[in-house]
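Worksheet for the structure shown next.
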Amino acid sequence: MTGNAGKGEFARGWAVLLAATLGTMCGASPLPYNTIGSFLQPLMQEFGWNAGAVMTAMMCYGLMGCVCAPIVGALADRFGARVVGLASLVGFGVAFAALGLVNSLPMFYAVYLLIGVVGIGSTPVTWSRAVNLWFVRRRGLALGIMLTGTGLAAFFLPATTVFLIQHWGWRWAYAALALLPLVVALPVVWATLREPTVAESRAADAGHVPLQKTGYTLAAAVRERHFWIMMLAFLLVSIAYGGFHTNLQNMVRLKGLSREMGALIAGCVGLAIIVGRVGAGLLVDRFWAPAAAFPLLAMPAIGCAIFISDTHSTGMIVLAAVLLGGAAGAEADMISYLAGRYFGMAYYSRIYGMLYAAFGGGAAVSAPIYGYVYATTGSYTPILTAAAVMFIGGAALLLLVGRYPASLPVVETA
Numbered sequence: 007m008t009g010n011a012g013k014g015e016f017a018r019g020w021a022v023l024l025a026a027t028l029g030t031m032c033g034a035s036p037l038p039y040n041t042i043g044s045f046l047q048p049l050m051q052e053f054g055w056n057a058g059a060v061m062t063a064m065m066c067y068g069l070m071g072c073v074c075a076p077i078v079g080a081l082a083d084r085f086g087a088r089v090v091g092l093a094s095l096v097g098f099g100v101a102f103a104a105l106g107l108v109n110s111l112p113m114f115y116a117v118y119l120l121i122g123v124v125g126i127g128s129t130p131v132t133w134s135r136a137v138n139l140w141f142v143r144r145r146g147l148a149l150g151i152m153l154t155g156t157g158l159a160a161f162f163l164p165a166t167t168v169f170l171i172q173h174w175g176w177r178w179a180y181a182a183l184a185l186l187p188l189v190v191a192l193p194v195v196w197a198t199l200r201e202p203t204v205a206e207s208r209a210a211d212a213g214h215v216p217l218q219k220t221g222y223t224l225a226a227a228v229r230e231r232h233f234w235i236m237m238l239a240f241l242l243v244s245i246a247y248g249g250f251h252t253n254l255q256n257m258v259r260l261k262g263l264s265r266e267m268g269a270l271i272a273g274c275v276g277l278a279i280i281v282g283r284v285g286a287g288l289l290v291d292r293f294w295a296p297a298a299a300f301p302l303l304a305m306p307a308i309g310c311a312i313f314i315s316d317t318h319s320t321g322m323i324v325l326a327a328v329l330l331g332g333a334a335g336a337e338a339d340m341i342s343y344l345a346g347r348y349f350g351m352a353y354y355s356r357i358y359g360m361l362y363a364a365f366g367g368g369a370a371v372s373a374p375i376y377g378y379v380y381a382t383t384g385s386y387t388p389i390l391t392a393a394a395v396m397f398i399g400g401a402a403l404l405l406l407v408g409r410y411p412a413s414l415p416v417v418e419t420a
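Residue numbers (the working numbering): 7 to 420.
What follows is the structure, encoded as structure tokens:
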């Protein structure tokens, strides 16, 4: 019976899921992080900036996104995912194209700050609200599919960006990549993304109170112990992960492999993200989510050990990238799934925005930390050692959140 109901959810919500997946793939979550590594060397060569200076742009973007995520979440709760998502795709596309016009480091940082403001609505903060409302019994799988958008982007963006830079130069490469939100995602979101009506939402949850009416307010959520456990866990894993990902191509180069091979190995992260997200989604629909996520979030510690070691084996380096991608896939799944499962949908985007802020903030400060450690020591070993501890610690913390709530309060949404 549950299986048939789950299939019915996909029959009703597949178009919304497709739009959310494309919005995620072409939005401000994967594009900046999966292209900065390819732009690193051209920017250093043209302007004389060091790696830490370039990666500080990711901190500007990430921290601004953290500030704006709860605000955008409140807007999505108030006006719906469709309105916020469409506006953000347009703003993000224009701002990302503007990166090709920069001629100074302050201008570079300013544009990334702008992306953090206008682009955050094109991230899962917005899209996951629509998916959570359409899917109940197969919510984990649906969120996993939606979040494969970042995995697909991580797979094709590094090599594509290198190709564009080699043939058109880095300035035109930014303009070409900006077509993804404007030309690929925008029309599909416009045509198919919507939230269910109250009647459709009640039908999805077997006639119970509509999902839009059940859950915690943000004020109530922050008084819950498991909210802060989740936030700290996501913060630790994202600090470990963010700089690892953005500096991966440079780490591969230090192992003696070519720039093109570095882009291909970075693409392996994307494939692992896809597997990690769909796999995590399937698991959380069947098992307690924190236990299902623990091995995926902890195993990148092995990847850290591989890069710390003296190995130059391409196979081992690919393994490290795959383990990293698996963690990225599981963490994003957990934020979306746990926010909805523990706190409900009434104020989902506000609560998700707060948890996403921890994730985004950790990733934002991580990128320049990795860059500056390398710039000052000539090695990534110190930060990779710390990252291994954070991967394991963050994964273990999620085991402390406790059981799923037996019921959620009924509230009047704003």
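Yeah, the Cβ is synthetic: ideal placement off N, Cα and C, and Gly gets one too.
Sequence-distant residues of its chain with Cβ nearer than 6 Å to residue i (five each side left out)
i      : result
ALA278 : VAL328, GLY331 and GLY332
TYR376 : GLY249, ASN253 and ILE389
ALA297 : none
ALA21  : THR198
ALA338 : LEU153
HIS173 : none
ALA307 : ALA394, PHE397 and ILE398
GLY86  : GLU201
GLY309 : ALA326, LEU329 and LEU330
MET31  : GLY155, LEU158 and ALA159
HIS318 : LYS261 and GLY262
Where residue i falls, given that 16 or more other Cβ within 10 Å makes a residue buried
i      : result
TRP133 : buried
MET236 : buried
GLN51  : exposed
THR203 : exposed
SER109 : One point to set straight first is that residue 109 is Asn, not Ser, in the sequence displayed. Exposed is the call here.
SER372 : buried
PHE141 : buried
GLY175 : exposed
GLY321 : exposed
SER94  : buried
LEU241 : buried
ALA420 : Model confidence at ALA420 stands at a pLDDT of 49, short of 50, so the residue's coordinates are unreliable; what they give is reported in the following sentence. Exposed, because fewer than 16 other Cβ atoms sit within 10 Å of the Cβ of ALA420.
ALA246 : buried
PHE162 : exposed
MET351 : buried
THR382 : exposed
LEU28  : buried
ALA17  : exposed
LEU139 : buried
Sequence-distant residues of the same chain with beta carbon closer than 7 Å to residue i, five excluded per side
i      : result
ALA212 : Per-residue confidence for ALA212 stands at a pLDDT of 49, beneath the threshold of 50, marking its modelled position as unreliable; the derived number appears in the next sentence. Contacts found: none.
TYR378 : GLY58
ALA269 : SER44, PRO164, ALA165, VAL168 and GLN255
ALA25  : VAL194, VAL195, THR198 and LEU199
PRO411 : TYR348
Nearest candidate by alpha-carbon position, reference residue i, set the options
i      : options                           : result
PHE349 : THR252, ALA393, THR220 and ALA34  : THR220
SER385 : ASP316, LEU147, GLY408 and GLY155 : ASP316
HIS232 : ILE398, LEU403 and ALA34          : LEU403
ALA364 : THR383, ILE341, MET257 and TYR354 : ILE341
ARG409 : ARG347, GLY29, THR391 and ALA311  : ARG347
PRO38  : LEU303, GLY71 and ALA345          : GLY71
ASP127 : LEU149, LEU170, ILE151 and ASP83  : Contrary to the premise, residue 127 reads as Gly rather than Asp in this sequence. Of LEU149, LEU170, ILE151 and ASP83, the residue nearest in Cα terms is ASP83.
TYR353 : LEU414, ALA286 and ALA239         : LEU414
ALA104 : LEU170, MET31, GLY157 and ALA179  : ALA179
LEU147 : LEU23, LEU49, VAL275 and ASN40    : LEU23
MET61  : PRO112, SER319 and LEU28          : PRO112
ILE42  : ALA17, LEU81, ALA160 and THR223   : ALA160
SER35  : GLY125, LEU49 and VAL73           : GLY125
ALA295 : ALA80, VAL89 and ALA345           : ALA345
Under 8 Å between C-beta atoms of residue i and residue j
i      : j      : result
SER244 : ALA75  : no
VAL195 : GLY91  : yes
ALA401 : PHE293 : no
ARG144 : GLU15  : yes
GLY273 : GLY68  : no
GLY33  : PRO187 : yes
LEU302 : ALA336 : yes
GLY150 : VAL275 : no
VAL78  : VAL137 : no
ILE280 : ILE323 : no
THR387 : ILE312 : no
VAL290 : TYR343 : yes
HIS251 : ALA334 : yes
Residue-chain proximity (residue i, chain B), Cβ-Cβ < 8 Å
i      : result
THR387 : In the structure shown, chain B does not exist; there is a single protein chain.
Sequence-distant residues of its chain with Cβ nearer than 8 Å to residue i (five each side left out)
i      : result
PRO374 : GLY58, MET61, THR62, MET64, MET65 and GLY249
GLN47  : ARG265
Heavy atom of the ligand FAD within 7 Å of residue i beta-carbon
i      : result
ALA334 : The model on display carries no ligand, and the ligand FAD is accordingly not part of it.
TODO: Taking 8 Å as the threshold, find out whether the segment 47-60 comes into contact with the segment 224-231 through three or more Cβ pairs.
DONE: In short, these stretches do not touch, since the Cβ pair count stays below three.
Task: At least three beta-carbon pairs within less than 8 Å, the segment 96-104 to the segment 183-193 - done: Verdict: yes, contact present.
Task: Inter-stretch contact at 8 Å, needing at least 3 Cβ pairs: the segment 259-273 / the segment 107-122 - done: Under the 8 Å Cβ criterion, the segment 259-273 does not count as touching the segment 107-122, having fewer than three qualifying pairs.
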